[in-house]
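Report on the following structure.
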Amino acid sequence: MILVWLLLLPLLAALFAPQVEHWRADGSRWLSLTALGLQALLLLAAAGGGGDWWLESRADWLPRLGIGWHLGLDGLSYLLLWLTVALGAVSVLISWREIRQRVAFFHCNLMLSVAGIVGVFLALDLFLFFVFWELMLIPMVLLIAIWGHDNRRYAATKFFIFTQASSLLMLIAILGLAFAHQSQTGTLSFDRDALLRLELAPGLAYWLMLGFFVAFAVKLPMVPLHTWLPDAHTEAPTAGSVLLAAILLKTGAYGLLRFSLPLFPAASADFSPVAMALGVAGILYGAKLAFAQDDMKRLVAYTSVSHMGFVLLGIYALNGMALQGAVMQMLAHGFSTAALFIVVGMLQERWHTRDLRQLGGLWTQLPRLSGFTLLFALASLGLPGLANFIAEFLILAGAFQRSWPLTAVAALGLVGAALYALLLVQRGLWGGGAPAPGRHDCSRREWLVLGALALALFWFGLHPQPVLDLVREPLVQLLDAPHHAAESPPRLPVGSWL
Amino acid sequence: MIGAAELRALLPLMLVALTAIGTLLLAGFRRDARLAALGYQGGLLLTLLTLPWALPEQPLEVTPLLRIDGFFGYFAALFVLVAMAVGLMMQRQVRSKTSGERVEESYVLLAICLLGALVLAGAQHFAALFVGLELISVASFALVAYPCGGRPSTDIRQRNSLEAGLKYLVLSSVASGFLLFGIGCLYLDSGSLAFAPLPPSTSLALPGLALLLVGVAFKLALVPFHFWSPDIYQGAPTPVAALVATLSKGALFAVMLRYLWFGALQELETLVPAVALLASLSMLGGNLLALRQRDIKRLLAYSSIAHLGYLLLVLLAIGHAGVAIEAGAFYVLAYSLTTLGAFALIGCVCEAGDEPDYRLEAFAGLIWRAPLLGASLMLILLSLAGIPLTVGFIGKFYIVAAGVDAGLWWLLAVLVAGSAIGLYYYLRIILIMLAPQSEPSGIGGGRWLVYGLTLLLVLLGVYPLPVLQWLPVL
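Those protein sequence lines, which keep their order, are chains A and B. Numbering of the first sequence is given in the numbering used here, commencing with residue 16 and proceeding in unit increments. Numbering of the second sequence is given in the numbering used here, commencing with residue 4 and proceeding in unit increments.
Below you can see the structure in the form of C-alpha cells.
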C-alpha cells in the first residue's frame, strides 16, 4: 500500500493544484512541497525491509494480455526514490520566484513528472514500466515548451521526438520478450520475474537487448544520441533542468541496471566492450564540448554528457566495484549538476545573461553565491572529499579490471573536467568586468537549498558506506543471476568491495 | 432458408433500414430538424440495445451473403456508435447555422451509410461486399456535397463541398470499377463469389487480387492512391469528413479482414510485397505530407493515411500472428474514437465564428481560453500519436504486438520511423495550443460531445478490458 501511495501523492497534488490556487496565491507550491514531504515520510516508513523486495504490490490489470500491476521496492529503487523526492523538493523551492506565470499548471506538470519517475523506479511489469516511462516525458516536454527560454519550441520538439522514437524501439523489444515467453510457456507475460526465467536464443537476445539499450542510452544520454540534451537543458526553466539532469537521466541508467543487464546477461556481456567504448567517448566528448561553451548553462549540460559517460562505463564494466561506482555517480551527478544548474539560474535571474563573455568578477559582488559556485564546480571535477570523487574512483578502479586501455583513456576525462570546471570558475568568478553592482546575494531560501545540496555532496563524499551497503544486495543479484552464470561465466570476479 | 433465427440475426440490419425509411417519412410529413434527429438517434439506440439479443450463440449464415457472428457484433456495435456520434455532430452543425437550409435528409443518408457498413461487417460474399460498399459510397457522395453552412449553388461556401462531392463521386466510381473487375477475375477463376480459399492457382487469380487491392487502396486512401483524400476532408462538412474517415474506412477494413481470414491467405502470399510496399509508403508518405500542412483538416487526412498504413500491418500478420484479428479490430476502434474526437473538436473550435477557420492557428492559446477543451485536444493528439494512457496507445501496442508475433521486422522499423515523424506535427499543434493567447475568439457548441469522446478515449486507454472481452478472435 505504501508503494501505491508513493505514486498517488504526486498525482493528487497535480490534480488539486489548480483548485488550491484559488484559495491561496502560492497554494500550489505548498501543496507540492506537502506531497513530497509525505512521500519522504512514506519512504522513511518503508526503510529497511528484508528479502529480495522490501515491499511489493501486485494486482491484475489486463490478464488477457498477461499484463499486471507489479511494483517492487529494493535498495536501488529506494535510493533513487530519495533522490527523486529530494530533488523534486529542490525544484519546487527554486522555482518559487522564477516561475510567476501559470503557477498551478507548472506544479501540475512538475508533480505529474515526479509521479511518472516514481513509477519508473518502482515498476516491475514491463508494460507498466513503459507506461510510466512515457508518462514522465509529456509533462517534461510541457515544462520546457511553456516556461522555457527563447528557443524552447525547438528544444521541446527535439526532446520529445528523440525520447519517443527510441522508446518505441523498446516497446518492440518488450513485445518480443513477451512473445518469446508465449512460445516457451504458452502464455503472454510482461512480468520481470517471469521474463528473467526465459532462455533466449543468442541472436534474438542481442537484438532485443539493443532495443532496450537504445531507449535507455538516449535517456542517459550516450554519445552520439545525446544531441537533445544540450538544447533541452539550456532552454528549460531551472526547475526543469534540475529535474532533467538530476532524475530523468537516472531513469536511463536505472533501466539498464534493472532490465537490460538481468534480462540479457549474455548479450550484455558480449555488447559491453562497445558500450564501454561509447561511455569513454561520451566522457571525453562531453568534457571537450563543455570546455568550448560560452553559455554557462550549455557548459553544465555538456558536463552531464561527460558524467553520464562514467555511468555507462561503470555499468558495462560488469563488476561489483564499477557498478557501485555507477550508482554513486548517479547520486553525485544528481546533486552536483542540479546545484550547478541552480547557481546558473540564480546568476541569470540577477544579471539576465548566462554568457561567460559578459560575466566576470562575480566574487567581489556576490561572495556567498560565488563560494557555492566554486564548491559545486570542484565537486564536478571530482575533488576528493566530495561524492563525485568516490564515484569516479570506484568506476575507474572497477573498469580497470575489465579493460585497462579504455580506463586509461577515460581517466583523461578527469583532466577535461578540471579544465572546464576551472575555466567556469575563472571566467565567471574572477577577473573584472562585472556587469552592474548592487545585486543582492543569496536569499535565505536559496541559501537553504544550496547549503543542503553542498551538505549532501560532503556527506556522501566522506561517508559513502551507507549508500554502498544499500545497493549492494540488488547489485550482487544482478551479477549473480543464476542463468547469468549458466550462460556465460562471469568474466571477472566480483570486486573486493562487495 | 430464412427462418425465425435468421430474421432475429438480421434484426440490426432491419432496424437500421427502418430508421432510414422512418426518418425519410418523418421529414416528408414534418420539416423539423430536431424531430428527424430524434428519430435517427432513437432508431440507432434501439439497434444498439437489441444487438446483444439479436446475436446468435453460434455463428449463423444468413443466406450465402451474410454471416452473423461475434465479428459482426463487435463491428456493428462500433459502427452504430460512430454513426450516433456523427449524428450528434450533424445536429450541432445545424443548430449553429441559422441559414435555414433543409438538413433532415442528412440523417437518412447517414442511416444508409450505416446500413452499408453493417452489411460489410457481416459480408462473407463478394456480392454483399459490393452492395455494402456502394451503399456507403452513394450515400457519401450526397453527404460530402451536402449544403451545410450555405445555400446551394449561390453561396461561395458551398462550392468547396460541391467540388469535393464531385471528386469523390468520380474517384470512388473508378475505384469501384477496379474492384468489380478484380471480383470478376476471381469469379472467372474459381466460379464462386463466396469468401473462400481459391482453387490451386490459375492465371487469373493474381490479376484479380491485384485489381481488388488497387480498388481497396483507392477507397482506403493508401499512398499512392491517396490524392483525393485531403481535398474531400477539406471540402466536406466536418461531420461528413468524420464519417468518411471512420465509418467508410473502418467498414472496408473490416471486410478485408474477414476476406483474408476466411480465404485468401495463401493467395495473399504472392501479394505480400505489394501490400508491404503500400503499408510502408502510407506510413511514411502520410506522415511526411502531414508535416507541412497548415489546415487542420488536411493534416488529419494525411494522418489518417498513415494510420491506415499501420493497419495494413495487421493484414500482413493474419495467418502468422494469433492476435492479428484482435489487433485490427481494436485499432479500428481506437482510430475511430480518436478521429471522431478530433473532428468534433474542430467543429467546436474552428467553426465558432461566421467564417470557419481551419488554420492551425485557430487553436492558438486554446488551453488558456478553454482549459478543458485544450486538455481534450492534447489527449486526442497524444492518442493519435500513440502515447500511453490513451486508447491510441493500446491500439498501437496491439499493432506492434501483431507485427512482432508475425516477425514483420522491416515494417516495424518503418512504423517507428513514421511514428517519429508523426510526433513532430502532433506536438506542433500542442505547442501552438500552448502559445500565449493571441486574440480572444469564441468557442462553438458541441463541447459535451468532445468531452464525452475524450473521457472514453482515456478510460479505454487505462482500462480497455471491457472492450477486449468482445474482440473477435481467430
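Where a beta carbon is used, it is the ideal one built from N, C-alpha and C, also for glycine. Nothing here was measured: the structure is a model prediction, and the numbers come from that model.
Would you mind stating whether E250(A) and H164(A) have Cβ atoms separated by less than 8 Å?
Yes; because the gap between Cβ atoms is below 8 Å, this pair is in contact.
Residue interval of the beta strand (DSSP E) (run including D75(A))
Run containing D75(A): 70-77, per the beta strand (DSSP E) assignment.
Verify the CB distance criterion: does F231(A) have a CB-CB separation below 8 Å to chain B?
Output row for F231(A): interface = no.
Cβ neighbour criterion (16 or more within 10 Å) applied to V68(B)
Per the sequence shown, the amino acid found at residue 68(B) is Leu instead of Val. Label assigned to L68(B): buried.
Just to confirm before moving on: does the CB-CB distance between L81(B) and L336(B) stay below 8 Å?
Between L81(B) and L336(B), the CB-CB gap stays under 8 Å.
Just the Cα atoms here: how many angstroms apart are C188(B) and L281(B)?
Their backbone Cα atoms lie some 22 Å apart in a straight line.
Tell me which residues share the same chain as L246(B) and place their Cβ nearer than 6 Å to its Cβ, disregarding the 5 neighbours each side in the sequence.
Answer for L246(B): V89, listed in chain order.
Would you mind telling me which residues of chain A sit closer than 8 Å to A423(B), beta carbon to beta carbon, in chain order?
Near A423(B) (Cβ distances below 8 Å), the residues of chain A are I176, Q179, A180, L183.
Grouping DSSP H, G and I as helix and E and B as strand, with all else coil, what is L216(B)?
In the three-state scheme derived from DSSP, where H, G and I count as helix and E and B as strand, L216(B) is classed as helix.
What is the DSSP secondary structure of L172(B), reduced to helix, strand or coil?
It is helical.
Cutoff 8 Å: T200(A) Cβ touching any chain B Cβ:
For T200(A), no CB of chain B lies under 8 Å from its own CB, so it is not counted at the interface with that chain.
Let me see if you follow: with CB-CB separation under 8 Å, is A254(A) close to chain B or not?
Not closer than 8 Å to any Cβ of chain B, the Cβ of A254(A) fails to qualify, so no.
Does the beta carbon of A309(B) come closer than 8 Å to any beta carbon on chain A?
Output row for A309(B): interface = no.
Have a look at G325(B) and L319(B) and give me their C-alpha separation to the nearest angstrom.
Rounded to whole angstroms, G325(B) and L319(B) show a C-alpha spacing of 12 Å.
Local Cβ density within 10 Å of I5(B), reported as buried at 16 or more and exposed below that
Counting the other CB atoms within 10 Å of its CB gives I5(B) a total below 16, which places it among the exposed residues.
Do you know how far the Cα of Q127(B) is from the Cα of Y262(B)?
Looking at the two C-alpha atoms, the distance is approximately 7 Å.
Partners in chain B for I161(A), counting only beta-carbon separations shorter than 7 Å:
At a beta-carbon threshold of 7 Å, the residues of chain B lying near I161(A) are L437, ordered along the chain.
Looking at the C-beta of V419(B), does it have a partner C-beta in chain A at a distance below 8 Å?
Closer than 8 Å: yes.
Terminal residues of the continuous alpha helix (DSSP H) containing E329(B)?
Taken as a continuous stretch (DSSP letters only), the alpha helix (DSSP H) holding E329(B) covers 327-352.
Which of the three DSSP states, helix, strand or coil, is assigned to W38(A)?
In the structure shown, W38(A) sits in a helix (DSSP, three-state: H, G or I).
For a contact meaning CB atoms closer than 7 Å, what does A404(B) contact in chain A?
Close partners of A404(B) in chain A (Cβ separation under 7 Å): L190.
Listed by chain order, chain A residues near L430(B) by CB distance under 8 Å
Around L430(B), the beta-carbon contacts reaching into chain A at under 8 Å are V156, A171, T172, F175, I176.
For chain A, check one thing: does any of its Cβ atoms lie closer than 8 Å to the Cβ of D408(B)?
Closer than 8 Å to some Cβ of chain A, the Cβ of D408(B) qualifies, so yes.
Closer than 8 Å, CB to CB, is L375(B) near chain A or not?
For L375(B), the answer is no, since every Cβ of chain A falls outside 8 Å of its Cβ.
Check whether the stretch 337-357 of chain B touches the stretch 298-310 of chain B, counting contact only when three or more Cβ pairs, one atom from each stretch, lie closer than 8 Å.
A contact is defined here as three or more CB-CB pairs under 8 Å, and the stretch 337-357 of chain B meets this definition with respect to the stretch 298-310 of chain B.
Looking at the C-beta of E488(A), does it have a partner C-beta in chain B at a distance below 8 Å?
No, E488(A) lies away from the interface with chain B (no Cβ there is under 8 Å from its Cβ).
Within 8 Å (strictly less), CB to CB, does I321(B) reach chain A?
I321(B) does not count as touching chain A.
When we look at the beta-carbon of L472(A) and count the other beta-carbons within 10 Å, is it buried (16 or more) or exposed?
With 16 or more other Cβ atoms from the protein chains shown falling within 10 Å of its own Cβ, L472(A) counts as buried.
Based on the DSSP secondary-structure assignment, which residues constitute the bridge partners of G83(A)?
D75(A), per the DSSP bridge assignment.
Terminal residues of the continuous alpha helix (DSSP H) containing V65(B)?
First-last for V65(B): 63-65, but that is the beta strand (DSSP E), not the alpha helix (DSSP H).
Between which two residues does the beta strand (DSSP E) holding I262(A) run?
Counting along the chain, I262(A) falls outside any beta strand (DSSP E), and DSSP gives it neither H nor E.
How long is the line joining the alpha carbons of L223(B) and I139(B), rounded to whole angstroms?
Those two C-alpha atoms are separated by around 13 Å.
In three-state DSSP terms, what is A126(B)?
Secondary structure of A126(B) (DSSP, three-state): strand.
Neighbour-count burial assignment, M224(A), 16 or more Cβ in a 10 Å radius:
The residue in question, M224(A), is buried, as its Cβ has 16 or more Cβ neighbours within 10 Å.
Name, going along the chain, the residues of the stretch 47-81 of chain A whose beta-carbon falls closer than 7 Å to a beta-carbon of chain B.
So the close ones are L77, R79.
Looking at the structure shown, is A138(A) part of a helix, part of a strand, or coil, going by DSSP?
A138(A): strand per DSSP, three-state reduction.
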